[in-house]
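For any residue, its number in my numbering is found by taking its place in the sequence shown, counting from 1, and adding 17. Notes to accompany the following structure.
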Amino acid sequence: MNDNDKSKFAAILNATFAMNPKWSMPDELGIEMWWRCLERYSIEQVSKGFEAHLMDSERGSFQPMPSDIIRHIEGGNQATRQARADFAWRKVIDTVESVGTYDSVVFDDPAIHYAIQIVFGGWEPVGQMTDNERPFKRQDFLKAYIAFKPGLPYPKYLAGRLEREQSIADTRFHLRAIGDPDKCKSVQDGGGSNALKRIEATVGGVL
18 MNDNDKSKFA
28 AILNATFAMN
38 PKWSMPDELG
48 IEMWWRCLER
58 YSIEQVSKGF
68 EAHLMDSERG
78 SFQPMPSDII
88 RHIEGGNQAT
98 RQARADFAWR
108 KVIDTVESVG
118 TYDSVVFDDP
128 AIHYAIQIVF
138 GGWEPVGQMT
148 DNERPFKRQD
158 FLKAYIAFKP
168 GLPYPKYLAG
178 RLEREQSIAD
188 TRFHLRAIGD
198 PDKCKSVQDG
208 GGSNALKRIE
218 ATVGGVL
């Protein structure tokens, strides 16, 4: 989400908490905390997440917490998470085959950035993967993708060969958006330039 979505986000919160008179609508600070927890998702995903909570036969009668909405957005069962990870892997491979690793890229899913950095160490090595390596890299990618949770560090974009070569000459490089442009911008805004060191510190616990 971005700042343009804040009014709609507040309306979704108001509508949700109005569903049950026992629920307490968060104050201004509480709304800000909700926003921070869900900011990385699109407004459409957030809206569907709240709707899914209200329809949840087990937890829908309880006042929602950010973790409830995130659970519905990301998929609450292993089969759903596996399917999302498989789709993400195919997206990565399709991008390598159609775009290559010469340009820098930003995907519309932060978990893809996280998994690529964990498994490959960057964008260029994805294109250097051999056919023999692919099945093993795929399994590692799926595991890292599923392990990603909101709040974990990830690179704001994936640097390509052109950026590496041109950084010596201090010239501009081309950044390609892969997927929904607005979501790509949210991913880029949510990533960090110092994320790589923090990611390296988590590798041992993921793979």
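Ideal Cβ positions, reconstructed from N, Cα and C, are used throughout, including at glycine.
Item	Value
Helix, strand or coil at Arg193 [DSSP, three-state]	strand
Per-residue burial, Phe79 [other beta carbons within 10 Å of its own, 16 or more giving buried]	exposed
Short Cβ contact (7 angstroms threshold) for Thr112 with Ile195	yes
Cβ shell of Ala176 (< 7 angstroms), same chain only, five flanking positions each side left out	Ser121, Gly139 and Trp140
Beta strand (DSSP E) segments (min. 3 residues) lying fully within the region 40-73	none
Sheet register partners of Ser14 (DSSP bridge)	As displayed, the chain neither begins before 18 nor continues past 224, which places residue 14 out of reach and without an answer.
Residue ranges of each alpha helix (DSSP H) within the region 89-153, 4 or longer	95-115, 127-136 and 141-144
Per-residue DSSP class, three states only, for Leu169	coil
Classification of Phe67 by the beta-carbon crowding that lies within 10 angstroms, buried from 16 upward	buried
Pro142 versus Tyr174 - alpha carbon distance	15 angstroms
Integer-rounded CB distance, given that Lys200 should sit under 8 angstroms from Asp125	4 angstroms
Distance between Ile133 and Lys214 (C-alpha atoms, nearest Å)	Residue placement at Lys214 is poorly supported in this model, since its pLDDT is 41, which falls under 50; the coordinates still yield a value, given next. So the alpha carbons of these two residues sit roughly 14 angstroms apart.
Beta-carbon spacing of Pro127, Tyr171 below 7 angstroms	yes
Inter-residue spacing [alpha-carbon to alpha-carbon] between Ile135 and Lys108	17 angstroms
Close-in-space but distant-in-sequence residues of the same chain around Asn211 (CB under 6 angstroms, 5 per side omitted)	The pLDDT assigned to Asn211 is 47, lower than 50, so where the model puts this residue is not dependable, and the model offers no usable value.
Contact check, Ala105 vs Tyr162, beta carbons under 7 angstroms	yes
Same chain only: Cβ atoms within 7 angstroms of Gln62, ignoring 5 sequence neighbours per side	Ile90
Range of the contiguous alpha helix (DSSP H) that encloses Asp199	Pro198 to Gly207
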